[in-house]
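Report on the following structure.
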Amino acid sequence: MSKPLKVLIVEDCEDDVLLLKLRLRQGGYQIHTRWVDSAATLNQALTAETWDVVLSDYSLPSFTAIDALFMLQKKGLDLPFIIVSGAIGEETAVAAMKAGAHDYVMKDNLARLLPAIEREMREAAIRRERRRAEEALKESERENRELSREFRALLDNIPDSLTLLDSDRQVVWANLSTAKLLDRNPEGLEGLHCNELWPDCTAREEDCPVLRSFLSCQVEKGVIRTEDARTWGVRAFPVSNQHGQVVSVIKMASDITRQIQLREEASRAGQLASLGELAAGVAHEINNPINGIINYAQILADQFDKDDDSREIVREIIDEGERVANIVKNLLNFAKARPEVKQPVVVEDILAAALALTKSQLNRDGIRLLVDMTPDLPPVLAHLQQIQQVVLNVISNARYALNQKYPERSEKKLFHIETETCTVQGKLFARLSFLDRGIGIAAAILPKVMDPFYSTKPSGSGTGLGLSISHGIIKDHGGEIRIFSEQGRYTRVVIDLPLAEANSQLQLQEGSGGGR
Numbered sequence: 004m005s006k007p008l009k010v011l012i013v014e015d016c017e018d019d020v021l022l023l024k025l026r027l028r029q030g031g032y033q034i035h036t037r038w039v040d041s042a043a044t045l046n047q048a049l050t051a052e053t054w055d056v057v058l059s060d061y062s063l064p065s066f067t068a069i070d071a072l073f074m075l076q077k078k079g080l081d082l083p084f085i086i087v088s089g090a091i092g093e094e095t096a097v098a099a100m101k102a103g104a105h106d107y108v109m110k111d112n113l114a115r116l117l118p119a120i121e122r123e124m125r126e127a128a129i130r131r132e133r134r135r136a137e138e139a140l141k142e143s144e145r146e147n148r149e150l151s152r153e154f155r156a157l158l159d160n161i162p163d164s165l166t167l168l169d170s171d172r173q174v175v176w177a178n179l180s181t182a183k184l185l186d187r188n189p190e191g192l193e194g195l196h197c198n199e200l201w202p203d204c205t206a207r208e209e210d211c212p213v214l215r216s217f218l219s220c221q222v223e224k225g226v227i228r229t230e231d232a233r234t235w236g237v238r239a240f241p242v243s244n245q246h247g248q249v250v251s252v253i254k255m256a257s258d259i260t261r262q263i264q265l266r267e268e269a270s271r272a273g274q275l276a277s278l279g280e281l282a283a284g285v286a287h288e289i290n291n292p293i294n295g296i297i298n299y300a301q302i303l304a305d306q307f308d309k310d311d312d313s314r315e316i317v318r319e320i321i322d323e324g325e326r327v328a329n330i331v332k333n334l335l336n337f338a339k340a341r342p343e344v345k346q347p348v349v350v351e352d353i354l355a356a357a358l359a360l361t362k363s364q365l366n367r368d369g370i371r372l373l374v375d376m377t378p379d380l381p382p383v384l385a386h387l388q389q390i391q392q393v394v395l396n397v398i399s400n401a402r403y404a405l406n407q408k409y410p411e412r413s414e415k416k417l418f419h420i421e422t423e424t425c426t427v428q429g430k431l432f433a434r435l436s437f438l439d440r441g442i443g444i445a446a447a448i449l450p451k452v453m454d455p456f457y458s459t460k461p462s463g464s465g466t467g468l469g470l471s472i473s474h475g476i477i478k479d480h481g482g483e484i485r486i487f488s489e490q491g492r493y494t495r496v497v498i499d500l501p502l503a504e505a506n507s508q509l510q511l512q513e514g515s516g517g518g519r
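Heads up: the sequence shown at position 93 corresponds to 96 in the numbering used here, and the numbers run straight through without jumps.
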């Protein structure tokens, strides 16, 4: 069966053209040919059709085979180009081959023509296939680069930290959020050991989710904490090779500090509610017998003359009984659930109620208490129980600081409370100032003391939530709480609360601080 072959013949001699056609037919080809003898007709033929091979005489009247070859190259055509010449020297043939001709055949030796055509057509097919493969590879690389950019953009915009770690737990890749969350340069993460990336991580060796994932070949989870008081939920995903061996692990770390905080606050709120119910029950139980003691003591007092020493003793019993009753009353007021409504409250009443609950502790600790109240201080717009909770927390912290510095009684063991009015940004506020001469707070940690779960007290002595909740309560009231301290010398807590009358726009609005 004849093989189709499209041949473009560049020749100025018709006899030679006929001889080439005859040789091709004898070789078993069903040929389709076109004969051209000038640059113009060659250009037209190359534009009009596609060809399998070009057979060209070396020298024509108006141009040469080299000119024809350059024309093909200029058009970007990779066709087998074979020179068929009656007289061509070896140097000329070598120059033509260097210019891009694929072979040359002498007209007196056309037996080489068919093998040359078949060889060069095979080579041309290989080149075409190679070009297609290269183009497909380039397109694939372009698509992969585009996909990589999209994938990278996706991972960089995930708010959680993502790191790919090798078997030595060194960073192979990390998303942009990792650098942001850890306050590091994104360019400097690759090659770092996991411990360098998380130097203060609490999970070491057997507690490390990444290490466990390498060993178990399964997804591992864990919770770690860092020295900046943040809590992280960590998941480690193993990446296996074709043999099932874990070669790397993807570590995903999410900042769950806020979630933990909300959970702890909810738990604490529930505990406070339970404590309030218990306190209310105990207070009621105490109230009845203390009232009986006061009444019986009054009966006894009425039986003694005014000048009798026994009457004075009974009078002291009555006074102490009334003091207990007052403490019980304040305890009931603190524990009593009330609507979350802000209303005018006298600052002196807030302090009096808080001190009634703590004064005996201050006395027992040998703490000297000084209270300087501004006369006729206008009421503030507040939720009484919440502000009382803030004051109690400040007093508790002051007691701790003073007792740490002065374990025994001392003239310098002083706690000073002052009140005054002040103007902030054109608004009137009541300012409460609490000064203790205790151990103070280091300058390095002063900015952190209102962060949730941050505590300067030893483990088990504090939750680290008191000042954080207090800050939220004061902020909810439209006020501000600030702390000034010098380590080893003093701590001053300043609370500003808006006055009820001067800031009428804040009247009786629903608050949201009770659930803090």
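Note that CB positions come from ideal geometry on N, CA and C, so glycine has one too. Predicted model only: the values in this text are computed from it and were never measured.
Approximately 5 Å separates the beta-carbon atoms of I498 and I484; this is inside 8 Å, confirming the contact. In the structure shown, the three-state DSSP call for M124 is helix. For I296, the closest alpha carbon among the candidates E323, E223, I85 and S65 is that of E323. By the C-beta criterion, the stretch 94–106 is judged to be in contact with the stretch 76–85, since at least 3 inter-stretch pairs fall below 8 Å.
Taking a C-beta distance under 8 Å as the contact criterion, L365 and V394 do not qualify as a contact pair. Rounded to whole angstroms, the separation of the alpha carbons of A356 and V237 is 46 Å. For G225, the three-state secondary structure derived from DSSP is strand. Rounded to whole angstroms, S59 and E132 show a C-alpha spacing of 25 Å. Look at K430 here: in three-state DSSP terms it is strand. Between the alpha carbons of R145 and W176 lies a distance of about 21 Å.
When C-beta atoms of the stretch 241–251 are compared with those of the stretch 226–233, fewer than three pairs fall below 8 Å, so the two segments do not count as touching. Closest in C-alpha terms to G475, from the list S413, K415 and I390, comes I390. By DSSP's assignment, P241 forms a beta bridge with V252.
Remark: fewer than three beta-carbon pairs, one from each stretch, lie closer than 8 Å, so the stretch 44–51 and the stretch 17–34 are not flagged as touching. Put simply, the stretch 120–137 does not touch the stretch 34–42. Fewer than three CB pairs are less than 8 Å apart. With contacts defined by Cβ atoms closer than 8 Å, K9 and D55 form a contacting pair. Residue pairing of I34 in beta bridges, as defined by DSSP: L8. When C-beta atoms of the stretch 178–191 are compared with those of the stretch 205–224, fewer than three pairs fall below 8 Å, so the two segments do not count as touching. For V108, the enclosing beta strand (DSSP E) stretches over residues D106 to M109.
According to DSSP, W176 shares a beta bridge with L167. Three or more Cβ pairs closer than 8 Å define a contact, and the stretch 282–294 falls short of that threshold against the stretch 186–201.
With contacts defined by Cβ atoms closer than 8 Å, F432 and L500 form a contacting pair.
Here P381 carries a coil assignment [DSSP, helix/strand/coil]. In this chain, the alpha helix (DSSP H) harbouring S363 covers V350 to R367.
Rounded to whole angstroms, the Cβ separation of I442 and A404 is 5 Å, and the two are in contact under 8 Å. By alpha-carbon distance to Q407, the top candidate from A446, V383, L165 and I370 is I370.
Its Cα nearest to that of Q428, the residue G482 stands out among P64, G284 and G482. If the five residues before and after L45 are omitted, its C-beta is found closer than 7 Å to the C-beta atoms of V13, V39, A71 and M74, all from its own chain and listed in chain order. By alpha-carbon distance to L358, the top candidate from Q392, S180 and V344 is Q392. Between L11 and the set T166, A43 and V57, the nearest pair of CA atoms involves V57.
Between the beta-carbon of N147 and that of D159 there is about 18 Å, and that puts the pair past the 8 Å contact cut.
The three-state secondary structure of Y61, taken from DSSP, is coil. Taken atom to atom, the span from the alpha-carbon of G89 to that of R134 is near 35 Å. With distances taken between CA atoms, Y32 lies nearest to S5 out of S5, V20 and T424. P212 and E149 have their C-alpha atoms some 33 Å from each other. In the structure shown, G295 adopts helical secondary structure according to DSSP, grouped into three states.
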